[in-house]
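Q: Submitted below is the structure of interest, expressed as structure tokens.
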Amino acid sequence: MDSLLIITILIVFCALAFDFINGFHDTANAIATSVSTKALKPRHAIILAATMNFVGAMTFTGVAKTITKDIVDPFTLPNGSMVILAALLAAIAWNLITWYFGIPSSSSHALIGSIAGAAIAAAGFAEIKWSGFLNILTALLVSPVLAFTVGYIVYTIIKIIFRNHNLAKTNKQFRLIQIATAALQSYSHGTNDAQKAMGIITMALMTNGYVMTDDVPFWVQLACATAMGIGTSVGGWKIIKTVGGKIMKIRPVNGVAADLTGAAIIFGATLIHLPVSTTHVISSSIMGVGSAHRVRGVQWGTAQRMIITWVITLPISATLSGLIYLVLNIFAG
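Going left to right, the sequence shown walks through residues 2 to 334 as this note's numbering numbers them.
What follows is the structure in structure tokens.
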């Protein structure tokens, strides 16, 4: 077995590990609100999220193609295998660190930053395809702001429509609706997040000459969908507690508004082939809903800690991947 095939297999393994970790790291995105309002029992919520994540991941590949070709050129990337491997190791490390401390950071920011950092370490800033990279960066930065705004508007509309209804009865009805919105949220999560690992594997296959186009092979799509589904089934309880209770006290009506907002923004991004951070989008939609409900009800201290993590993830993951690339190069001789 030649060294090129060995490193390709290692990249595939690490990409699937990233998808698995992404699954349990981001489980909270889809089900935290439904668990916190008791619309779903934790076990049922996780089964629902894992199933819908898998279905979503099997539906689209546009975001994967963006990851494959819009950050760097896989055909001209110097020492491409090492760059991709370093990026995956850095993204995995950052995901595990933030999961351990229960911080809802972005797997997307970690991966995008890691690819850029390792590529810069390998060939300098000229290797980055800046138009594609800036489009991705714009989507990552604009989507949380959009989610906050839409969440505020959606909850305000719901509040006006149901202002004369009995609160207890309304909450009971919305608790049932929340089961459907949790499923929708999980589906949208799968359509966007799982594709990032698909794009990385396809990039490695192109870099090493195993495929010549950015079309995602079916086995790659199936493997990544399965890895994310299994990861989701493990659950990320530390982050679920943060998203589901430490941003604001969530009631069923709040949860429905936040779920609908998050799913709409994420799915919209999927349709235009742009990766977004599901963590950022859903947390921001909860903050938007919370602000429309009662500004003082939002735990802005938790929100501030999350925002700081969002801001530092890109540069830290880029620096980490650059260092890992240099270390891998030393050991590779």
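C-beta: ideal position from N, C-alpha, C; glycine also. Being a predicted model, the structure only gives us computed values, none of them experimental.
1) I need the DSSP call for residue 211, collapsed to helix, strand or coil.
2) Among residues of its own chain, excluding the 5 on either side of residue 82, which ones have a beta-carbon nearer than 8 Å to its beta-carbon?
3) Could you check what DSSP says for residue 274 in three-state terms: helix, strand or coil?
4) Using a Cβ-Cβ cutoff of less than 6 Å, which residues in the same chain neighbour residue 185 once the five nearest sequence positions on both sides are dropped?
5) Can you give the Cα-Cα distance for residue 246 and residue 34, rounded to whole angstroms?
6) Do residue 318 and residue 115 have their C-beta atoms within less than 7 Å of each other?
7) By Cβ distance below 7 Å, which residues in the same chain neighbour residue 94 in space, the five residues on each side in sequence not counted?
8) Do residue 119 and residue 226 have their CB atoms nearer than 7 Å?
9) Which runs of the beta strand (DSSP E) at least 3 residues long sit entirely within the segment 139 to 211? Give them in chain order.
10) Could you tell me whether any Cβ in chain C is nearer than 7 Å to the Cβ of residue 51?
11) Here's the rule: buried if 16 or more other CB atoms are within 10 angstroms of the residue's CB, otherwise exposed. What is residue 326?
12) Assuming contact is defined by CB atoms lying nearer than 7 Å, are residue 60 and residue 233 in contact in what I supplied?
13) Return the CA-CA distance between residue 199 and residue 86, expressed in angstroms with no decimal places.
14) Less than 7 Å between the C-beta atoms of residue 84 and residue 50, yes or no?
15) Among the candidates 272, 188, 311, whose CA atom is the shortest distance from the CA of residue 65?
16) How far does the alpha helix (DSSP H) with residue 97 in it extend, from its first residue to its last?
17) Determine the extent of the alpha helix (DSSP H) in which residue 354 is found, giving its start and end residues.
18) Determine the burial state of residue 253: buried for a count of at least 16 other Cβ atoms within 10 Å of its Cβ, exposed for fewer.
19) In terms of alpha-carbon separation, which member of 280, 330, 291 lies closest to residue 310?
20) Kindly list the residues whose CB is nearer than 7 Å to the CB of residue 201, restricted to its own chain and excluding five residues on each side of it in sequence; keep chain order.
21) Within a Cβ cutoff of 6 Å, which residues of the same chain sit near residue 149, ignoring the five residues on either side of it in sequence?
22) For the alpha helix (DSSP H) containing residue 1, list its first residue and its last residue.
23) By the three-class DSSP mapping on this structure, what secondary structure does residue 217 have?
24) Alpha carbon to alpha carbon, how far is residue 144 from residue 314? Give it in angstroms, no decimals.
25) Enumerate in chain order the residues of its own chain whose CB-to-CB distance from residue 187 is below 6 Å, with the five nearest sequence positions on each side excluded.
26) Mapping DSSP to helix, strand and coil, what is residue 297?
27) With DSSP run on the structure shown, which of helix, strand or coil describes residue 1?
28) Could you tell me how far apart the beta carbons of residue 1 and residue 20 are, in whole angstroms, since I believe they sit closer than 8 Å?
29) Throw me the rounded Cβ distance for the residue 46 and residue 183 pair, which I believe falls under 8 Å.
A: Quick answer:
1) coil
2) 5, 8, 9, 12, 205, 208, 209
3) coil
4) 264
5) Annotation note: pLDDT 49 at residue 246 (below 50); position unreliable, coordinate value reported separately. Their backbone Cα atoms lie some 8 Å apart in a straight line.
6) yes
7) 321
8) no
9) none
10) Given the protein chain composition of this structure (a single chain), no chain C is represented.
11) buried
12) no
13) 14 Å
14) no
15) 272
16) 81 to 101
17) For the chain, the structure presents residues 2 to 334; residue 354 sits outside this window and is missing.
18) buried
19) 280
20) 16, 68, 85, 89
21) 285, 288, 289
22) The question about residue 1 has no answer here: the residues shown for the chain are numbered 2 through 334.
23) coil
24) 16 Å
25) 31, 50, 53, 54
26) helix
27) For the chain, the structure presents residues 2 to 334; residue 1 sits outside this window and is missing.
28) For residue 1 there is no data in the structure shown, the boundaries of the chain being 2 and 334.
29) 7 Å
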